[in-house]
Amino acid sequence: MGADPDEELVRRIGAGDPAAVQAMVARKLPRLLALAARMLGDAAEAEDVAQETFVRIWRHASGWRHGQARFDTWIHRVALNLCYDRLRRRREWTTDELPEVADEAPLPDAMPGDEERRVNQALQRIAPRQREAIVLVYYQELSNIEAAGAMQVSVDALESLLARGRRSLQAMLTGDGDD
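Taken in order, the sequence shown gives residues 126 to 304; the numbers are from the numbering used here.
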């Protein structure tokens, strides 16, 4: 494992350096927001997850040990765990009233070919572990080894999740996945 580019910054955060915290937020916030938004499909929840991730970095920086995992891998795992906690709470939430169902039809003024919106909607419909693998590799641009480490799976298992996720997305985006 090569030198960890975040090691010095984490050491400074552990020592209570407020400038180091600001530098870490500037360095990691955009990626954590993107990760959480793609996993949750909700920008406000993504902001909450990113904030909680930084709180955990601040609390646990002094105990982080170089060599066990890259710091970036650790914070991705923290953010993913927080996303899964929120996804579990969504499933557990019950009420006597049914929520309003959003009309899936495109708005009259929607631009044709809004591929990003279609891909994001399809991402929300595939299995969570497949979505996690795709987000880490294609959107967070982690290597397969780094993504497998963040997901705590083997590289072979990650590649299997990626293949299944790509097939699921392709089927949804081409209309083959409609029920």
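For each residue, glycine too, the CB sits at the ideal point set by N, CA and C.
Within a Cβ cutoff of 7 Å, which residues of the same chain sit near residue i, ignoring the five residues on either side of it in sequence?
i, result
"Leu-283", "Ala-258, Asn-269, Ala-272, Ala-273 and Met-276"
"Gln-255", "Leu-286, Arg-289, Gly-290 and Ser-293"
"Val-260", "Leu-160, Arg-163 and Met-164"
"Ile-251", "Gly-290, Ser-293 and Leu-294"
"Val-280", "Asn-269, Ile-270 and Ala-273"
Please classify residue i: is it buried, with 16 or more other beta-carbons within 10 angstroms of its beta-carbon, or exposed?
i, result
"Arg-216", "exposed"
"Leu-223", "Confidence at Leu-223 is low in this model, with a pLDDT of 48, below 50, so the placement of that residue should be treated as unreliable; the coordinate-derived value is given next. So Leu-223 counts as exposed."
"Asp-210", "exposed"
"Gln-265", "buried"
"Arg-195", "buried"
"Ala-204", "buried"
"Leu-267", "buried"
Measuring alpha carbon to alpha carbon, tell me which of the options ends up nearest residue i.
i, options, result
"Leu-154", "Arg-254, Pro-143, Ala-175 and Gly-290", "Ala-175"
"Arg-152", "Asp-173, Arg-163 and Asp-197", "Asp-197"
"Ala-132", "Ile-182, Leu-207 and Ile-251", "Correcting the residue identity first, residue 132 is Glu in this sequence and not Ala. That would be Ile-182, whose Cα lies nearest to the Cα of Glu-132."
"His-201", "Ala-148, Pro-253, Arg-156 and Asn-245", "Arg-156"
"Leu-207", "Gly-188, Asp-173 and Glu-240", "Asp-173"
"Ala-128", "Ala-169, Arg-190 and Val-244", "Arg-190"
"Val-146", "Arg-184, Ala-171 and Ala-169", "Arg-184"
Excluding five sequence neighbours on each side, which residues of the same chain lie with their C-beta closer than 6 Å to the C-beta of residue i?
i, result
"Ala-186", "Val-135, Ile-138 and Gly-139"
"Leu-298", "Ala-247"
"Gly-166", "Gln-249"
"Leu-334", "Residue 334 is absent from the model: the chain starts at 126 and stops at 304."
Got a sec? Which residues, its chain only, sit under 8 Å from residue i by beta carbon, not counting five neighbours each side?
i, result
"Met-236", "Model confidence at Met-236 stands at a pLDDT of 43, short of 50, so the residue's coordinates are unreliable; what they give is reported in the following sentence. Answer for Met-236: no residue qualifies."
"Val-150", "Phe-179"
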